[in-house]
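Following: one structure in structure tokens, then a few remarks.
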DNA sequence: AATTTTTATCGTATATTTACGATATACTAT
DNA sequence: ATAGTATATCGTAAATATACGATAAAAATT
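Chains as they are written, first to last, in this note's numbering: chain A, 2 to 111; chain B, 2 to 111.
This is the structure:
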């Protein structure tokens, strides 16, 4: 009964929702923070900082990659992740563009 | 096995994740857009604009209320919803504060 | 008073997410 | 070559999210 209805919404709505979804879990916010702090980050460092199993962290990293918020590269046996600032700029732009233009601060009610 | 680990992250991370979660579905983005466009909005109007059942829209509205992104008031038999701009300002602040301060655009790798 | 309208909630089915351990694979060090 | 490290993926269990119809409750209309 719960079939996916996301296709029935327009592209802009889905784009914003997808970006938001990527940071909708504190673990992923924490991962981004850790990567941003160091400018780049080895997977193992992220795992050691988070209170989650290695496989779980790997799963979260995969989601951030899918959303384009980070990039990853193999460095020998290790994996290195960086923030993809380009995508973040797009995210922030979508976010502020969407809400700023209608913020009249003049509600009729509520 | 999948017990909730969200409490193990700090308050700021959870706050941002919760806001993001509220707009992580295109239906909720569409609802916010509709409310913002009219400055205020009767529930029935939102339902008639979205490709979802009334009960489903009501559920999404409840989530937006929970996150504090909208306010609601009863107007006779109808319900009126407005954007809670105060919360949105906080959301936007958390978002940009969090990422802007570390955006050096100078990645070591990737 | 009876009917209709409006909306929230309940019950429920299905889909997705989150989490972990186990394992596979590829690199590194001995 | 062998053993150890690092990490992605697989399988799976549990939790949460999404969607709908049915129903309840309150207001509006007839």
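Virtual Cβ for every residue (Gly too), placed ideally from N, Cα, C.
Any chain B beta carbon closer than 8 Å to residue i
i	result
residue 7(A)	yes
residue 24(A)	yes
residue 30(A)	yes
residue 18(A)	yes
Residue i versus residue j: straight-line alpha-carbon distance, rounded
i	j	result
residue 47(B)	residue 17(A)	19 Å
residue 69(B)	residue 89(B)	9 Å
residue 6(B)	residue 74(B)	34 Å
residue 52(A)	residue 27(A)	11 Å
residue 24(A)	residue 76(B)	35 Å
residue 110(A)	residue 71(B)	12 Å
residue 97(A)	residue 63(A)	26 Å
residue 49(A)	residue 67(A)	23 Å
residue 44(B)	residue 33(A)	37 Å
residue 99(B)	residue 87(A)	16 Å
residue 54(B)	residue 3(A)	12 Å
residue 85(A)	residue 85(B)	31 Å
residue 42(B)	residue 101(A)	18 Å
residue 95(B)	residue 12(B)	12 Å
residue 83(A)	residue 65(A)	11 Å
residue 29(A)	residue 8(A)	25 Å
residue 81(A)	residue 80(B)	50 Å
Residue-level contact to chain A via CB, residue i, 8 Å cutoff
i	result
residue 64(B)	no
Listed by chain order, chain B residues near residue i by CB distance under 8 Å
i	result
residue 93(A)	96, 97, 100
residue 46(A)	Near residue 46(A) there are no residues of chain B at all, since even the closest Cβ is about 13 Å away, more than 8 Å.
C-beta contact flag for residue i and residue j at 8 Å
i	j	result
residue 92(B)	residue 20(B)	yes
residue 78(B)	residue 14(A)	no
Within chain A, the residues that residue i reaches when beta carbons sit closer than 7 Å
i	result
residue 72(B)	111
residue 21(B)	21, 24, 25
residue 78(B)	Neighbours of residue 78(B) on chain A: none; closest Cβ ~15 Å, over 7 Å.
Check: residue i C-beta below 7 Å from any heavy atom of the ligand FAD
i	result
residue 17(B)	In terms of ligand content, the structure shown is empty, and the ligand FAD therefore cannot be addressed.
Exercise for the section: Tell me, please, whether the stretch 43-61 of chain A touches the stretch 32-43 of chain B by the rule of three or more beta-carbon pairs shorter than 8 Å. Expected result: no
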